[in-house]
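Numbering (the numbering used here), first residue to last: 812 to 1198. Even for Gly, the Cβ is constructed at its ideal location relative to N, Cα and C. In what follows, a structure is listed as structure tokens, so that the remarks can point back to it.
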């Protein structure tokens, strides 16, 4: 973390007349960085007064934002008790005039306390219950809640207290080269030859072993794709180094496989070019795929929001396109019952269940069940007429 003296010596490099905007994304997967990227792309394309951007925190997603003109990134203190004074000095030294914060309630509250008008982007408004109220910046200058397929009753009373609540459409970007009329339209039943597997950021607070999820899911997905006739696949995500090669080698059969993280723009280009997407159901990725009309299968959920996302995706398309964990691993309704205590209680159950399955003696049986689940979803996806 840059010490406060380092911030004191920083010299904002605003173009003449530019206003400095602070950017923050939650340290939970890559979805927040995808939202920030979409916001930055929209601002770039809009004729407006010049803006200068500086980033706080968001360490997990910074590589995805490398294509955007952010003057610098500054790590927040590890000690939450120091965050308030640190943010106040950051605001003063950088000349921050406004902030855009995605899903990081603590950072939004600290910026508001420092007198900064703050736009809070809540892409998961359906997720919250009374147990989450204290973590949300309900006094944000503008509280942008992304519209969702369904709004459970337990979240409505919480959002009703958001002073600056505005409901917004999907916060997503399109690949800059994409055109609605470009190429042949995707049609039901077209063979899949090129696939993209997206596992997202794979990191979150209190998740101690991010390798457990790909160990269970990747071999099953690759074998199912091969059985379905897919010839090549790219695996995108924040995968632990050296993991993918061994998992590919463990497959009875796999398509030609490449792997590696992609910047947000490069990811959108790869997504637009593939025949089918297999993704852990992060909402940003599902919305981006839907915007491009890409056939999509939801892999088993990594966290609480992905349970909702997968359900809503299948509901919207009228077909069961998601893969469930075997009941011996995780029962979704049991996880959802823990929401009343707050998201952290549900996440603890999910992380524990995935870890136990990855370490357990029945790992091969779990893998076979997942393989069949992916293959069934791929077959059902061929009957969807409009993505």
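The bridge partners DSSP lists for residue 931 are 912, 954.
Close CB contacts of residue 915 within its chain, under the 6 Å cut and outside five residues either way in sequence, are with 835, 837 (chain order). Nearest Cα to residue 1181 within the set 1196, 944, 1139, 1152: 1139. Non-local beta-carbon contacts of residue 1126 in its own chain, meaning distances under 7 Å to residues more than five positions away in sequence, involve 960 in chain order. Following the DSSP letters along the chain, one finds residue 1145 inside the alpha helix (DSSP H) bounded by residues 1143-1148. Residue burial is scored here from C-beta neighbours: residue 978 has fewer than 16 other C-beta atoms within 10 angstroms and is therefore classed as exposed.
Secondary structure at residue 839: coil, using DSSP grouped into helix, strand and coil. Inter-segment contact for the stretch 1056-1076 and the stretch 1013-1024 is absent: fewer than three beta-carbon pairs are separated by less than 8 Å. Contact between residue 1049 and residue 1093 does not hold, since their C-beta atoms are separated by about 12 Å, which reaches or exceeds 8 Å. When 940, 871, 1064 are compared, the shortest CA-CA separation from residue 1116 is found for 940. Around the Cβ of residue 958, a 10 Å sphere holds fewer than 16 other Cβ atoms; the residue is exposed. Secondary structure note for residue 1169: its alpha helix (DSSP H) is the uninterrupted segment 1154-1170. Nearest Cα to residue 967 within the set 982, 949, 980, 953: 949.
When C-beta atoms of the stretch 853-864 are compared with those of the stretch 1028-1041, fewer than three pairs fall below 8 Å, so the two segments do not count as touching. For the 8 Å CB-CB criterion, residue 833 and residue 881 do not form a contact. Nearest Cα to residue 951 within the set 927, 938, 962: 927. When the five nearest sequence neighbours on each side are left out, the beta carbons in the same chain lying within less than 8 Å of the beta carbon of residue 1084 are those of 1005, in order along the chain. Across the structure, residue 841 and residue 869 are spaced so that their CA atoms are roughly 9 Å apart. Along the stretch 847-892, the beta strand (DSSP E) occurs as fully enclosed runs of 3 or more residues at 862-868, 881-885, listed in sequence order.
In the DSSP assignment, residue 1125 forms no beta bridge with any residue.
When C-alpha distances from residue 1104 are compared across 1114, 1086, 1090, 1118, the shortest belongs to 1086. In the three-state reduction of the DSSP assignment, residue 1009 falls in the strand class, which pools E and B. A straight line joining the alpha-carbon of residue 886 with that of residue 1188 spans about 41 Å. Put simply, the backbone Cα of residue 1153 is about 5 Å away from that of residue 943.
In this structure, DSSP gives residue 1133 an extended state, which the three-state scheme calls strand. Within the DSSP secondary-structure output, residue 977 pairs in a beta bridge with 955.
In summary, residue 1194 is exposed, with fewer than 16 beta-carbon neighbours lying within 10 Å of its beta-carbon over all protein chains present. Comparing C-alpha distances from residue 946 to each of 917, 924, 972 shows the shortest one belongs to 917. Within its own chain, the residues whose Cβ lies closer than 7 Å to the Cβ of residue 980, once the five positions on either side in sequence are excluded, are 958, listed in chain order. Under the 10 Å beta carbon count, residue 1145 is surrounded by fewer than 16 other beta carbons and is classified as exposed. When rounded, the separation of the alpha-carbon atoms in residue 925 and residue 891 is 15 Å. Taken through DSSP and simplified to helix, strand or coil, residue 1176 comes out as helix.
Judged by DSSP secondary structure, residue 1067 falls within the beta strand (DSSP E) whose first and last residues are 1067-1070. Residues 1195 of the same chain have their beta carbon placed closer than 6 Å to that of residue 1128, with the five preceding and five following residues left out of the count.
Per DSSP, reduced to three states, the secondary structure at residue 983 is coil, with no helix or strand assignment.
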